[in-house]
Structure formats: C-alpha cells, structure tokens
Amino acid sequence: MEGQKNEGKPSKKENNYKFLNSDEINNLEYIFNKIKKNKNDNVSIQNIHKFLLNNHNKDICDDLLDFFHIYGSTITLDDFLNSLNCDMNEFKSKEKVRILFELLDTNKKGYISYKNFIQSAKQFENEFSEDMLNDIFHIMDLNNNNKILFDEFKNSISNI
138 MEGQKNEGKP
148 SKKENNYKFL
158 NSDEINNLEY
168 IFNKIKKNKN
178 DNVSIQNIHK
188 FLLNNHNKDI
198 CDDLLDFFHI
208 YGSTITLDDF
218 LNSLNCDMNE
228 FKSKEKVRIL
238 FELLDTNKKG
248 YISYKNFIQS
258 AKQFENEFSE
268 DMLNDIFHIM
278 DLNNNNKILF
288 DEFKNSISNI
C-alpha cells in the first residue's frame with residue numbers, strides 16, 4: 138500500500154506545469170543545465186539562441202526566442218519551464234499553417250498572389266465558384282494590395 142501512494146498522481150512539479158509531464162520537465166531541466174555556462178541560476182538568451190540554432194531549425198528557434206525575450210537578457214529555470222509549458226498542438230498547427238502558406242506561395246516571394254490563390258483553390262475539389270474565391274481572397278487581403286501576406290493568411294485561418 139505504501140509504495141502505491143504516488144502511482145497515477147502527478148508530482149508536485151507536474152502540478153505547476155499543465156502541459157508538461159515529469160519526464161519532459163526532467164529533460165528540459167537537463168537541457169537548461171547543459172546550456173548554463175556558469176553556476177548562476179540564470180541562462181542568457183544568447184546562449185539559448187546558440188543552443189537552439191545548433192539543435193533545431195530556425196523557425197522553432199525564432200518562435201521560442203519570442204517567448205524568452207519577455208524575460209530580458211537572462212532566464213531562470215522556472216521561467217524556461219513556464220515558457221515551454223504550452224500546448225504543443227498550437228505549435229504544430231502554426232507549423233501546418235506555415236507549410237500551407239508556403240505551398241500556396243508558389244513564387245516564393247513571401248506572399249500569395251491573387252492568381253496563385255485562384256489557381257491553387259481550383260486544384261482542390263471544392264464547391265466555391267470563381268466569384269466566391271475572389272470574395273474570399275479579398276476578405277483575406279486585409280491591406281487590399283492584391284497579396285496575402287503570411288500574417289493575413291495566418292489570421293484568416295485562425296478565424297475559421
């Protein structure tokens with residue numbers, strides 16, 4: 138009976154982090170301590186940046202650094218864990234939106250042109266007429282420049 142008292146119950150640390158389990162917390166603590174260059178409790182954002190660039194892709198690095206910069210030039214272990222205590226499905230969906238945008242941006246110019254939007258929409262079987270696709274494009278094109286920028290695309294997708 139005594140050996141079972143913690144079975145199935147989250148640890149005290151897990152209670153502090155809704156989206157992280159104890160293994161993830163331990164791994165993140167290990168990574169944080171690996172990044173630390175000295176005995177201080179803090180890690181510089183610059184060291185985190187170097188670590189992320191060496192070990193992950195640039196997009197992930199930029200997204201995570203946006204979180205960390207709110208803490209200033211250094212970050213504590215607790216701040217590090219709090220920043221990463223998020224629903225990974227949100228990150229995955231952001232990545233999927235980015236991939237979809239890049240598929241539609243066939244010219245790789247950083248925007249979806251009206252022509253690319255209509256051509257791409259026609260490639261997928263859908264019930265929309267060209268007039269309806271025209272209306273959708275102009276709703277998404279918030280600054281009315283006949284280009285859908287990534288932020289416009291992302292905002293439109295998130296509002297669906």
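Numbering (my numbering), first residue to last: 138 to 297. Think of the CB as a built atom: it goes at the ideal place given N, C-alpha and C, for glycine as much as any other residue.
When secondary structure is reduced to three states using DSSP, L286 falls in the strand class. Every alpha helix (DSSP H) stretch that sits fully inside the segment 156 to 182 and reaches 4 residues is listed by chain position as 159 to 172. A check of alpha carbon separations from N158 across T211, C198, L221, F188 identifies L221 as the nearest. In the DSSP assignment, Y154 falls outside any beta strand (DSSP E), carrying neither H nor E. Residue L201 holds the alpha-carbon nearest to the alpha-carbon of L218 among L201, S210, V234, E232. Cβ contact annotation for L270 (same chain, cutoff 6 Å, sequence separation greater than five): I255, A258, in chain order.
Judged by their CB atoms, F188 and I172 are nearer to each other than the 8 Å cut-off. When DSSP reads this structure, T213 sits in a beta bridge with N179. In the DSSP assignment, S266 falls outside any alpha helix (DSSP H), carrying neither H nor E.
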